[in-house]
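Q:
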Amino acid sequence: MTATDARLPVVLDRREGPFGEVVLRERGDHFEIIANGCFLMDTSDGRSERLLVDAALAALPAARPDPSVLIGGLGVGFSLVRAATEPRWGRIEVVEREQAVVDWHLAGPLGRISGPALADPRTGILRADLVTHLRTTTERYDALCLDIDNGPDWTVTQDNETLYSPAGLAACRARLTPGGVLAVWSARPSADFEAALRNAGFHAVRTEEVAVARGVPDVVHLALRDH
6 MTATDARLPV VLDRREGPFG EVVLRERGDH FEIIANGCFL MDTSDGRSER LLVDAALAAL
66 PAARPDPSVL IGGLGVGFSL VRAATEPRWG RIEVVEREQA VVDWHLAGPL GRISGPALAD
126 PRTGILRADL VTHLRTTTER YDALCLDIDN GPDWTVTQDN ETLYSPAGLA ACRARLTPGG
186 VLAVWSARPS ADFEAALRNA GFHAVRTEEV AVARGVPDVV HLALRDH
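Residue numbers (the working numbering): 6 to 232.
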């Protein structure tokens, strides 16, 4: 195999689910997830996915015991792995709507990334749509770390747009404990989304950036629920 051939993607699995097609590809030493023909994420970096969890924890009071976190989107597992390496977190719940993604972690090649985190007794996987879960559950969390699409201004799945709407942000706020933190990953900064967070009743709204090799930075939008 030539060096050029090694960089070509190899399809490891292709599934047709209720929200369209999802594909797991291997490119060299990395894995990629493609949804409905659109690139979602890969395992080449992961800094912004880890920041999603780190920034949320840092925004919580240090004295808060065993804070709980809901991670929206299992993806390639970077956010879950980061949470599981931090002993301060208490309950770690992950919501993932694509059965294929769950399978790729539990019994597939992505398990080499997430295996120890999935075996952590604090970790639970819920197979559900995040937007529906936020709207229907009575559970409350100290932190919501949400990464289910490319961000509020660039959604791959149309249904995900409701997460960033006033109703979706109201559901997020209702699921947080007093003083809890909402962290939302995005492939680009969004001043409009910052304004939407403030209009939804959040405070201490800010954005942390992670520079990328080309183009605009990845970001994590952060906001606090009042007490």
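Just so you know, even glycine gets a beta-carbon here, dropped at the ideal spot from N, CA and C.
(1) Could you pull the start and end residues of the alpha helix (DSSP H) that E199 belongs to?
(2) Given a threshold of 16 other Cβ atoms within 10 Å of its Cβ, counted over all protein chains shown, does D15 qualify as buried or as exposed?
(3) Please state the DSSP three-state secondary structure of R219.
(4) Consult DSSP for H110 and reduce its assignment to one of helix, strand or coil.
(5) Should L229 and G173 be called a contact, given that it needs their Cβ atoms to be closer than 8 angstroms?
(6) Taking only runs of the alpha helix (DSSP H) that begin and end inside the stretch 42–81, which ones reach a length of at least 4 residues, in chain order?
(7) Within 10 angstroms of the Cβ of P92, are there 16 or more other Cβ atoms? Answer buried if so, exposed if not.
(8) Could you tell me the alpha carbon to alpha carbon distance between L17 and A176, rounded to whole angstroms?
(9) Taking the continuous beta strand (DSSP E) assigned at I153, which residues delimit it?
(10) Is it buried or exposed for R219, if we count other Cβ within 10 angstroms and need 16 for buried?
(11) Check the DSSP bridge columns for W190 and list the partner residues they point to.
(12) Under 6 angstroms Cβ to Cβ from L168, same chain only, skipping five residues before and after it: list those, please.
(13) Tell me the DSSP secondary structure of T90 in three-state form.
(14) Give the range of the alpha helix (DSSP H) segment to which G116 is assigned.
(15) What does the alpha-carbon distance come out to for the pair E103 and I76?
(16) Can you tell me which of the three DSSP states L13 falls into?
(17) Could you have a look at A133 and say whether DSSP puts it in helix, strand or coil?
(18) First and last residue of the beta strand (DSSP E) that includes L174?
(19) Just the Cα atoms here: how many angstroms apart are E144 and S170?
A: Reading it off the structure:
(1) A196 to N204
(2) Before going further, note that residue 15 is Val rather than Asp in the sequence given. It counts as exposed.
(3) coil
(4) helix
(5) no
(6) 52–64
(7) exposed
(8) 36 angstroms
(9) Looking at the DSSP string, I153 is not in any beta strand (DSSP E), and its letter there is neither H nor E.
(10) exposed
(11) V225
(12) V136
(13) coil
(14) G116 to A124
(15) 14 angstroms
(16) coil
(17) coil
(18) Note, L174: premise wrong, no beta strand (DSSP E); alpha helix (DSSP H) at P171 to R180.
(19) 21 angstroms
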